[in-house]
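Okay, so here's the structure we're looking at.
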Amino acid sequence: MDAATFLVGVAALVLVLKVGACTTESCSMEDASGCSGGTHRSIMTDSRWQGYLDLIASSVAEYGGCVGERCDCLGDQIAQDLMVWRERGGIDIAEFEQAKARRGGVHYQIVNHTLYREEECMFPSRCKGIEHFILKIIHGLPDAEMIVNVRDNPQSPTYSGPLPILSFSKTSANYDIMYPAWTFWAGGPAISTEPKGLGRWDLKRKTIAESSDNWLWEDKRTIAFFRGSRYFLEVISYPLQLESICSIMVGIVQAKQ
Ligand SMILES: *[C@@H]1O[C@H](CO)[C@@H](O)[C@H](O)[C@H]1NC(C)=O
């Protein structure tokens, strides 16, 4: 995904939101009695979230967009994820075999510009998404071998030695090497309106924007749509997660107005 794609995605997202009316249902996992109508609060009027709203406002104010070309915008992340391997003098065969044995990912090989994959893939449509992007550039790629994690969660925690595994989602507590998600082509999240999984972001980002234009702002429902890693939600404590996302979106909408 390039930065432009991402920005268009965010812009499309913003169009379907109604500002100021961002209300989320909030109930703890331990006590669900307050759910479904019980404890609705508006994040804009609840002082507990003021700290987050301030942070969002300052981030939005400082945001300048990415002006880099090709992978420049992701350069820092790539350098950071590869640093551990640079310091160790590279990835040796034993470490690679260890990553493979852990079954934390799918084994791919590129030999003479042909892509090979182990037969098994836990989520075949995710592999399809990955292969779509690799095949687009395979003529320029050297012989290579890699373990690509197609699960939601990262596979190499920093409490044990690093494993050379490419993952689309991680935190600072993982050695995983980040790569762009498969979901922009295939293997995206399955939701009720997209039971086969939401792929083809190249098409979807246009239809979302088009349908958005067909509705007056007043007629839109107060629904926020978040597209991203479930792991991201899991690392944020549960009562916070929906409200945090909601407040991020409100912040973006406000900045656009
Ligand atoms: C790589 O593939 C090309 C085209 O099929 C072939 O001509 C060449 O001999 C192959 N190289 C090796 C090292 O196998």
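Counting with mature numbering (1 follows the signal peptide of the UniProt record, and there is no 0), you get residues -21 to -1, 1 to 236 for the letters of the sequence shown.
Backbone N, C-alpha and C define an ideal beta-carbon position, used for all residues, glycine too.
Other residues of its chain near residue i: CB distance less than 6 Å, five sequence neighbours each side excluded
i, result
"Glu124", "Gln88"
"Trp180", "Phe163"
"Gly167", "Gly176, Leu177, Gly178"
"Ala165", "Ser104, Lys107, Gly108, Gly178"
"His118", "His92"
"Ala78", "Ile126, Leu142, Pro143, Ile144"
Proximity test, residue i beta-carbon vs ligand 2 heavy atom, cut-off 7 Å
i, result
"Ala123", "This structure simply doesn't include ligand 2; it includes ligand 1 instead."
Whole-angstrom distance between residue j and residue i, CA atom to CA atom
i, j, result
"Glu110", "Asp155", "19 Å"
"Ala58", "Glu97", "28 Å"
"Glu76", "Arg82", "10 Å"
"Arg65", "Ile72", "15 Å"
"Ala152", "Leu32", "26 Å"
"Asp51", "Asp60", "15 Å"
"Leu34", "Arg27", "13 Å"
"Gly69", "Gly43", "35 Å"
"Ile170", "Arg67", "42 Å"
"Leu120", "His92", "7 Å"
"residue 263", "Glu41", "What the structure shows of the chain is the stretch from -21 to 236, and residue 263 is not part of that stretch, so it cannot be assessed."
"Asp198", "Tyr138", "50 Å"
"Trp161", "Asp192", "28 Å"
"Thr150", "Glu74", "21 Å"
"Asp122", "Val63", "22 Å"
"Gly54", "Glu48", "10 Å"
The beta strand (DSSP E) enclosing residue i, as first and last residue numbers
i, result
"Thr93", "93 to 96"
"Ala123", "123 to 127"
"His86", "85 to 90"
Same chain only: Cβ atoms within 8 Å of residue i, ignoring 5 sequence neighbours per side
i, result
"Gln56", "Met157"
"Met101", "Val85, Val129, Arg130"
"Leu195", "none"
"Glu99", "Val85"
Nearest-angstrom Cβ-Cβ length linking residue i and residue j, presumed shorter than 8 Å
i, j, result
"Ile116", "Ile144", "Rounded, the Cβ-Cβ distance is 21 Å, inconsistent with contact."
"Ser135", "Pro141", "6 Å"
"Arg105", "Val129", "4 Å"
Element boundaries [alpha helix (DSSP H), containing residue i]
i, result
"Gln29", "29 to 41"
"Val63", "54 to 66"
"His111", "103 to 116"
"Ala73", "72 to 80"
"Ala188", "180 to 192"
Cβ neighbours of residue i in the same chain (closer than 7 Å, five flanking residues each side left out)
i, result
"Ile113", "Leu94"
CB contact check: residue i to chain C, cutoff 8 Å
i, result
"Arg67", "The displayed structure is made up of one protein chain only, and chain C is not part of it."
Q: When you get a sec, list the residues whose CB is within less than 7 Å of any heavy atom of ligand 1, chain order please.
A: Asn91, His92
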